[in-house]
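Just below is one structure, and these are the notes that go with it.
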Amino acid sequence: RGLVEVRDDIATVDIDTDALATIGKWSPWSRDKHLPVIKTAAEHGMDAFLFDFYFIEDSERELNIKDIDFENDTTANQIKERFPDPDNDLATAAENAGNIFFAQSFKPKTKAQAADSVKKRTEVMDRRLSLMKEKNYFRMVPENEREKYSTIFSAYNIEAPVDVLIEKSAGVYFFQSEPDPDGLQRRFPLLVLYGDRLFPAASLAMALRHYKVSFDSVEIEPGKYLRFDINPELDDFGRSEIHIPINEKGQMVVNWA
3 RGLVEVRDDI
13 ATVDIDTDAL
23 ATIGKWSPWS
33 RDKHLPVIKT
43 AAEHGMDAFL
53 FDFYFIEDSE
63 RELNIKDIDF
73 ENDTTANQIK
83 ERFPDPDNDL
93 ATAAENAGNI
103 FFAQSFKPKT
113 KAQAADSVKK
123 RTEVMDRRLS
133 LMKEKNYFRM
143 VPENEREKYS
153 TIFSAYNIEA
163 PVDVLIEKSA
173 GVYFFQSEPD
183 PDGLQRRFPL
193 LVLYGDRLFP
203 AASLAMALRH
213 YKVSFDSVEI
223 EPGKYLRFDI
233 NPELDDFGRS
243 EIHIPINEKG
253 QMVVNWA
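One point on numbering: in the working numbering, the residue at position 7 of the sequence shown is 9, and numbering is uninterrupted.
If you want it as C-alpha cells, here you go:
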C-alpha cells in the first residue's frame, strides 16, 4: 500500500508534559481548566470538538475563603458570586460554543453474557439515559430488527456524563474499541448495542454532524456496510454517499496513516 494522505482539518489536542508542567498533575484537572479550549473551539468555528475523557461524577463546589471580600459587599452576595460551579460553567461554555461533544463509557459484554442482558441501572443513570433519548443521541432498535443487530459490539453497562453536560452539549458518544486477540487495534466499532438502544461512535457522530445527516437515516447492514447519503457540496470529493464496510460487530478496519 502506498502512502495515505493525512487530512489537515482534523487534529488532536494532547495533554503533554508542557501542559502538566504549566497546569499541574492530572488528578484529574478541575473542570474550569477545560474552559479555554472550549472557547477556542467556538472562536474557530470547528465542526466539533470531542473530549476523550469522562465527566461522569458531579464536581464538588469548593470556596476559598480568601476570595470573599467581607468589607466591600455582603457576605451572602460574595458567596453567591464567588462560589465556583464547575459543571454549570463547563456546560454553559459548551452550550455557547455549540460544537462540544462529551464522552460516555460502556462496559462491553463477555461471551458468557446474553445478547440482551444489561446491568440494572441506578436512578441517576436512568435519568441521564432519558436525557440522551430526548436529544436523539441514540436510536431504538425495533423488536422485529433485534435479531439483525444481535452481532453488533454490545455492552451491559453504561456510564454517561452529568446531566447538565448532556443537556448543553452537541452530543454524547463513545470512543472505546475492542482489540484483536493479539492486542492490536485493527478495527474500530462504529456502533454499540446497549439493550435495545443503538449508539454511534464519536467518530461516526462527528462525520454525521459534518455532513448534516441524522443517525436515524443511516443504513446499517451488519457484516456488510454502513452507509448514508450526503450533499456533494459538503464533501471534498463531491461524493453523494458515504459507504463504509463493516464486519458483523459493526467494526470498520482502521486505515492507519
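We treat Cβ as the ideally placed atom computed from N, Cα and C, and that holds for glycine. Predicted model only: the values in this text are computed from it and were never measured.
- In this structure serine 32 touches proline 88 by the C-beta definition: roughly 6 angstroms separates them, less than 8 angstroms.
- Across the set Ser205, Arg229, Phe140 and Ile244, the C-alpha of Ser205 shows the shortest separation from the C-alpha of leucine 52.
- Exclusion of the five residues before and after isoleucine 232 leaves Tyr213, Val215, Arg241, Ser242, Glu243 and Ile244 as the residues of its chain whose Cβ lies within less than 7 angstroms of its Cβ.
- If you compare the alpha carbons of Lys137, Ile222, Arg211 and His36 with that of leucine 236, the shortest gap goes to Arg211.
- In the three-state reduction of the DSSP assignment, aspartate 18 falls in the coil class, being assigned neither a helical nor a strand state.
- Closest option to leucine 133, judged by alpha-carbon separation, among Phe155, Pro163, Phe217 and Met254: Pro163.
- Under the three-state reduction of DSSP output, proline 88 falls in the helix class.
- Judged by their CB atoms, arginine 130 and aspartate 165 are nearer to each other than the 8 angstroms cut-off.
- Secondary structure of glutamate 169 (DSSP, three-state): helix.
- Fewer than three beta-carbon pairs drawn from the region 141-149 and the region 99-114 are found closer than 8 angstroms, and the two stretches are therefore not classed as touching.
- In summary, leucine 22 is exposed, with fewer than 16 beta-carbon neighbours lying within 10 Å of its beta-carbon over all protein chains present.
- Listed in chain order, the non-local C-beta contacts of aspartate 218 below 8 angstroms within the same chain comprise Asn138 and Arg141, local neighbours out to five positions each way being set aside.
- When the beta-carbon positions are compared, phenylalanine 108 and glutamine 253 stay at least 8 angstroms from each other.
- The bridge partners DSSP lists for tyrosine 175 are Ala105.
- Distance from the CA of proline 181 to the CA of glutamine 187, rounded to the nearest whole angstrom, comes to 5 angstroms.
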